[in-house]
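Please read the structure below before turning to the comments.
Below, the structure written as structure tokens:
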């Protein structure tokens, strides 16, 4: 790192970037604002720019990182809220599949064929204690559903299911139960890791920390003219360029008098 110090000394500033490109951060939704900061910090960490030579700048970047970590937790909290809807949808699907299975089974109640009468009787005996589990809370319903699957998975029960042609409905029910468990587990995990955060305020804190770093780079570049600060500004401009272009593109589709619209842009993929 020390070998590069000479390359970052004062030089002809006319050939160096000294200003950060304007980007209206209020136009970015939370997800893209997160990606902008994540990309900028990741690129900075992977670069060989020796910004640690400047104590003031290092302190500002450290505070930016802390603010970003807090925002990341707040975003995870919001993801938990979004997943609540997915839980409801997954639960509705498994309840629907169970209802279809029960109705399909009930269709054989008046069958005159002995094999079907026997299969209907045995399966009804298994299903009857579980017919109202959709009225239970999510976790209790899942426990009862697992018990039902255990009983319906015996060789004898499987044979009866195949006799009545209910295998497809049974498989659908198992699939929707598994999907529910996956969504529910994921949501619970996110919620357990997230405290209650004021996302709006934490975003403001992150924005202030981010802009403080950019402004400091501009001021130091103006005062000292070192390529170190120019390289940092160029790095940050590169991270901002995607959003500048996307906002410009989307703004052409928005009424000119609609100044407060929050644009939801396609999120760039962070390269590992």
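In the working numbering, the protein residues as written are 111 to 382. Just so you know, even glycine gets a beta-carbon here, dropped at the ideal spot from N, CA and C.
Practice item. Give the DSSP-derived three-state secondary structure of residue 317 in the structure shown. Key: Taken through DSSP and simplified to helix, strand or coil, residue 317 comes out as helix.
Check your understanding: From residue 219 to residue 143, what does the alpha carbon distance come to, in whole angstroms?
Key -> 59 Å
Review point. Short check: CB of residue 312 to CB of residue 180, under 8 Å?
Key: yes
Practice item. For residue 249, count neighbouring C-beta atoms within 10 Å of its own C-beta (all shown protein chains included) and say buried if the count is 16 or more, exposed if not. Key: exposed
Exercise for review: Could you tell me whether the Cβ atoms of residue 227 and residue 221 are closer together than 8 Å?
Suggested key: yes
Check your understanding: Any idea what DSSP makes of residue 130, helix, strand or coil?
Key -> coil
Exercise for review: Measure the CB-CB distance between residue 146 and residue 154 and report whether it falls below 8 Å.
Suggested key: no
Review point. In this structure, does DSSP put residue 258 in helix, strand or coil?
Key: DSSP places residue 258 in helix when its eight states are reduced to three.
Practice item. On a CA-only basis, which of 325, 128, 360, 214 is nearest residue 273? Give me that one, please. Key: 214
Exercise for review: Select from 233, 161, 329 the residue whose C-alpha is nearest the C-alpha of residue 87.
Suggested key: There is no way to answer for residue 87, as the model of the chain reaches only from 111 to 382.
Practice item. Enumerate in chain order the residues of its own chain whose CB-to-CB distance from residue 286 is below 6 Å, with the five nearest sequence positions on each side excluded. Key: 203, 204, 207
**Study point:** Neighbourhood of residue 326 by C-beta, 7 Å cutoff - its chain only, sequence neighbours within 5 removed
**Key:** 166, 167, 170
Review point. Taking Cβ positions, are residue 290 and residue 252 nearer each other than 8 Å?
Key: yes
Practice item. Locate the alpha helix (DSSP H) running through residue 141, then write down its first and last residues. Key: 140-156
Exercise for review: Take residue 343 and list the residues in its own chain whose beta-carbon comes closer than 8 Å to its own, dropping the five residues that flank it on each side.
Suggested key: 127, 128, 129, 130, 324, 327, 328, 331
Review point. Where does the unbroken alpha helix (DSSP H) through residue 227 begin, and where does it stop?
Key: 224-237
Check your understanding: Exposed or buried, which one is residue 271 when buried takes at least 16 other CB atoms within 10 Å?
Key -> By the neighbour-count criterion, in which 16 or more other beta carbons inside 10 Å mark a residue as buried, residue 271 falls on the buried side.
Check your understanding: Taking just the CA atoms, how far does residue 172 sit from residue 348?
Key -> 21 Å
Practice item. Along the alpha helix (DSSP H) that carries residue 268, what are the first and last residues, could you check? Key: Element bounds for residue 268: 265-273.
**Study point:** Span separating the alpha-carbon of residue 350 from that of residue 194
**Key:** Approximately 33 Å between the Cα atoms of the pair.
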